[in-house]
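K.L.:
Under my numbering, the first residue of the sequence shown carries the number 379, and numbering increases by one thereafter. C-beta atoms are modelled at their ideal positions from N, C-alpha and C, and glycine is treated no differently.
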Amino acid sequence: MSINTQSFIPPKRTLMGPGPSDVDPRILQALSLPTIGHLDPLFVELMDNTKQLLQFAFQTKNALTMPISAPGSAGMEAVFVNLVEPGDKVIVCQNGVFGGRMQQNVQRCGGRAIMVQDDWGTATDLNKLEQALKEHPDAKALAFVHAETSTGVRSDAQAICALAKQYECLTIVDAVTSLGGIELAVDEWQIDAIYSGTQKCLSCVPGLSPVSFSDTAIKVIKNRQTPVQSWFLDMDLVMGYWGQGTKRAYHHTAPVNSIYALHEALLILHKEGLQTAWDRHAAMHQTLRSGLEDLGLEFVVKEQDRLPQLNMVRIPDGIDDALVRSRLLNEFDLEIGAGLGVLAGKVWRIGLMGYGANQRNVEYCVSALSQVLS
Ligand code: PLP
379 MSINTQSFIP PKRTLMGPGP SDVDPRILQA LSLPTIGHLD PLFVELMDNT
429 KQLLQFAFQT KNALTMPISA PGSAGMEAVF VNLVEPGDKV IVCQNGVFGG
479 RMQQNVQRCG GRAIMVQDDW GTATDLNKLE QALKEHPDAK ALAFVHAETS
529 TGVRSDAQAI CALAKQYECL TIVDAVTSLG GIELAVDEWQ IDAIYSGTQK
579 CLSCVPGLSP VSFSDTAIKV IKNRQTPVQS WFLDMDLVMG YWGQGTKRAY
629 HHTAPVNSIY ALHEALLILH KEGLQTAWDR HAAMHQTLRS GLEDLGLEFV
679 VKEQDRLPQL NMVRIPDGID DALVRSRLLN EFDLEIGAGL GVLAGKVWRI
729 GLMGYGANQR NVEYCVSALS QVLS
C-alpha cells in the first residue's frame, strides 16, 4: 500500500449543517499558539479563567463547571456514568436521535430508562411527562435534550425542570446545540447536570464538552454506593485536576491548544453578551426563513418550537437529496445537513450557529439553494 505523503489542506467551506459550524478565525489563531505544559502555572490560570467564562455562558455559580477533554458524547456519558448507578430509574424524554442515546447511556450504567416518547419534530409534551413522573415516584433523575439537533426542535427546558423538581428528580440536560444560541439559565432553571459541545453555537473547534454539575449532583456523586465504571470520566477524579486553587493533581494531559481555542470562543461570547447572541440567532433565523420560504421550502417544526440555530425543511417531491447536497458542497463549498434516522432523505437541516449566524451565510445559502434547485 502506498502512503499519501501530501499534507492535508482543507478547502474553505461554509459550514451550515448541524455542526461543526464555521470557526471564527480568531479562535483558529488561538489554537495555533505555542503549546505550554498542562501544569504550567499560566495554563492553570487559563483553566480558571475558562471555568469562569463557562459559568457565565451556562449562567451558573456551580463550582464544578469545566470542559471535558472529549466531544459532546463524552459530556453526555460523564453525566450519566456519574449520576446513574445500577438499579436507578431515569425518566428520559425522546423526540429525536439524542434522547435515544441518553436511553442507551442509562441502560449501560445498569439503570432503567423510563421513556417518554414524542414524535420527531415536536417538543417534549409536559402532560405526558407529568404522567410518567406520577407513575414513577421513585425516579432518580429526568433527562432531556434542550435543542434536538436531529429535528431542530426546542423543548421548554425551564418548564421541564420545574416539573421534575416538583417530583424531586435530578435534572439532566443536553445543551450541545443550545449553549450560546438560545436562552439557557442553569441556576435559575434548577438544572443539576448539563453538558454541551464546542462545535455548535460557540463556533469553536470540535472536541471539548463543557459540563456543569450542581451541588446537589455533587452530593449524589459523593454518596455513590458503587465506583463510577469509567476511570476517565469519574468526576471525583477529574475535580482534582480542574478543581479550585493552584494545587492540581495530574489526571490526564489536557488538550492545551483546544483550551486556548475554547477560552477565545468564550471571550467572544462574553464580549457580545448572551442576550445579544441569542437575539442575533433569532434575527438570522427569520431572514433565512423568509429566503427559504420564497424558494418554496417548508419548515417541518411548529413555529413556536423551532430552533433558530437549526432549521429543518422538507425536501420537495422529486428532488434528489444527495445530489443537491453534493452540488452545494462541490460547486459552492457549502455544507448543509441531511435528515437523520426516520427523517433521512426527507429533510435538510440548515445550521445557523455562532459565528456562522450572519447575514452573509444566510444570503449565500439561499442563493446557492436557489441555483441548485432551479
Ligand atoms: N447531543 C446533541 C444534541 C448533539 O447534537 C450532538 C452532536 O451533534 C451530541 C449530543 C454529541 O456530540 P459530539 O458529536 O460532539 O460527540
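Under a three-way DSSP split, which group does S587 fall into?
P.N.:
Reduced to three states, the DSSP call for S587 is strand.
K.L.:
Please work out which residues of its chain come closer than 8 Å, Cβ to Cβ, to G465, disregarding the five sequence neighbours upstream and downstream, and give them in chain order.
P.N.:
Correct list, in chain order: G488, G489, R490.
K.L.:
Considering just the uninterrupted stretch of the beta strand (DSSP E) at G715, what are its terminal residues?
P.N.:
712-716 is the extent of the beta strand (DSSP E) around G715.
K.L.:
Please return the same chain residues whose Cβ sits closer than 7 Å to the Cβ of V551, not counting the five positions on each side in sequence.
P.N.:
Taken in chain order, the residues that qualify are F522, H524, A535, I569, I572.
K.L.:
Spatial neighbours of A510 within its chain, please: C-beta separation below 7 Å, excluding the five flanking residues on both sides.
P.N.:
Answer for A510: I469, I492, V494, listed in chain order.
K.L.:
Return the first residue and the last residue of the alpha helix (DSSP H) that C743 is part of.
P.N.:
Where C743 is concerned, the enclosing alpha helix (DSSP H) stretches over 737-751.
K.L.:
Ordered along the chain, which non-local residues of its own chain (more than five positions away) have a Cβ less than 8 Å from that of W609?
P.N.:
Correct list, in chain order: L615.
K.L.:
Given K543, which residues of its chain have a CB within under 8 Å of its CB, disregarding the five upstream and five downstream residues?
P.N.:
Same-chain partners within the cutoff: T549, Q568.
K.L.:
At the 7 Å Cβ level, is R738 part of the contact set with chain B, yes or no?
P.N.:
Note that chain B does not occur in the displayed structure, where there is just one protein chain.
K.L.:
DSSP three-state label for R532, please.
P.N.:
Residue state, collapsed to three classes: strand.
K.L.:
Nearer than 6 Å: is that true of the beta carbon of V494 relative to any heavy atom of the ligand SAH?
P.N.:
As far as ligands go, the structure on display features the ligand PLP and does not contain the ligand SAH.
K.L.:
Output needed for S385: all residues of its chain with C-beta closer than 7 Å, excluding positions within five of it in sequence on either side, in chain order.
P.N.:
Around S385: no qualifying Cβ.
K.L.:
Could you check how far apart the C-beta atoms of S581 and D402 are, in whole angstroms? I think they sit under 8 Å.
P.N.:
Correct: roughly 5 Å between the Cβ atoms.
K.L.:
Where D711 and Q437 are concerned, what is the direct C-alpha to C-alpha distance, given to the nearest angstrom?
P.N.:
Straight-line Cα distance between these residues: approximately 36 Å.
K.L.:
Does at least one heavy atom of the ligand PLP sit under 6 Å from the Cβ of F677?
P.N.:
Result no, Cβ not under 6 Å from the ligand PLP.
K.L.:
Using only the heavy atoms of the ligand PLP, determine whether one of them is closer than 6 Å to the beta carbon of G489.
P.N.:
Answer for G489: no, Cβ out of range of the ligand PLP.
K.L.:
To test your reading of the DSSP string, which unbroken alpha helix (DSSP H) runs of 4 or more residues are found completely within the stretch 390-441?
P.N.:
The qualifying runs are 403-409, 419-436.
K.L.:
Are there any heavy atoms of the ligand PLP lying less than 6 Å away from the beta-carbon of T500, as far as the coordinates show?
P.N.:
The answer is no for T500.
K.L.:
With DSSP as the reference, please indicate the residues paired to G729 in a beta bridge.
P.N.:
BP columns for G729 point to L688.
K.L.:
Kindly confirm or deny that the stretch 419-438 and the stretch 627-644 touch, where touching means at least three C-beta pairs closer than 8 Å.
P.N.:
Because the criterion of three Cβ pairs below 8 Å is met, the stretch 419-438 and the stretch 627-644 touch.
K.L.:
Count the C-beta pairs between the stretch 405-414 and the stretch 580-598 that are closer than 8 Å, then say yes if the count reaches three, no if not.
P.N.:
The stretch 405-414 is in contact with the stretch 580-598.
K.L.:
R667: buried (16+ other C-beta within 10 angstroms of its C-beta) or exposed?
P.N.:
Answer is buried; the Cβ neighbour count reaches 16.
K.L.:
If the criterion is Cβ atoms closer than 7 Å, does the pair A501 and S451 meet it?
P.N.:
No, Cβ-Cβ distance for A501 and S451 is not below 7 Å.
K.L.:
Skipping 5 residues on each side, what residues in its chain have a beta carbon closer than 7 Å to that of V598?
P.N.:
Closer than 7 Å at Cβ, skipping near neighbours: L461, L548.
K.L.:
Consider the C-beta atom of D552 and the heavy atoms of the ligand PLP; say whether any pair is separated by less than 6 Å.
P.N.:
D552: yes, Cβ under 6 Å from the ligand PLP.
K.L.:
Considering only residues of the same chain and omitting the five flanking positions on each side of H723, which have a CB-CB separation below 8 Å?
P.N.:
The amino acid occupying residue 723 in the given sequence is Gly; His does not appear at that position. Answer for G723: I693, D699, A716, G717, listed in chain order.
K.L.:
Tell me which residues share the same chain as N736 and place their Cβ nearer than 7 Å to its Cβ, disregarding the 5 neighbours each side in the sequence.
P.N.:
Contacts found: M662.
K.L.:
Using 6 Å as the cut-off, classify the Cβ of P449 as near or not near the heavy atoms of the ligand PLP, replying yes or no.
P.N.:
P449 Cβ: within cutoff of the ligand PLP.
K.L.:
Does DSSP classify S638 as helix, strand or coil?
P.N.:
Residue identity differs from the one stated: residue 638 is Tyr in this sequence, not Ser. Three-state result, Y638: helix.
K.L.:
On the three-state DSSP scale, how would you describe K467?
P.N.:
Strand, per DSSP.
K.L.:
Within the present structure, is the beta-carbon of T443 separated from the nearest heavy atom of the ligand PLP by less than 6 Å?
P.N.:
Checking the Cβ of T443 against the ligand PLP gives no.
K.L.:
Report the partner residues of R479 according to the DSSP bridge assignment.
P.N.:
Paired residue(s): none; R479 is not in a bridge.
K.L.:
Mark P515 as exposed unless 16 or more other C-beta atoms lie within 10 angstroms of its C-beta, in which case mark it buried.
P.N.:
It is exposed - the Cβ of P515 has fewer than 16 other Cβ atoms within 10 Å.
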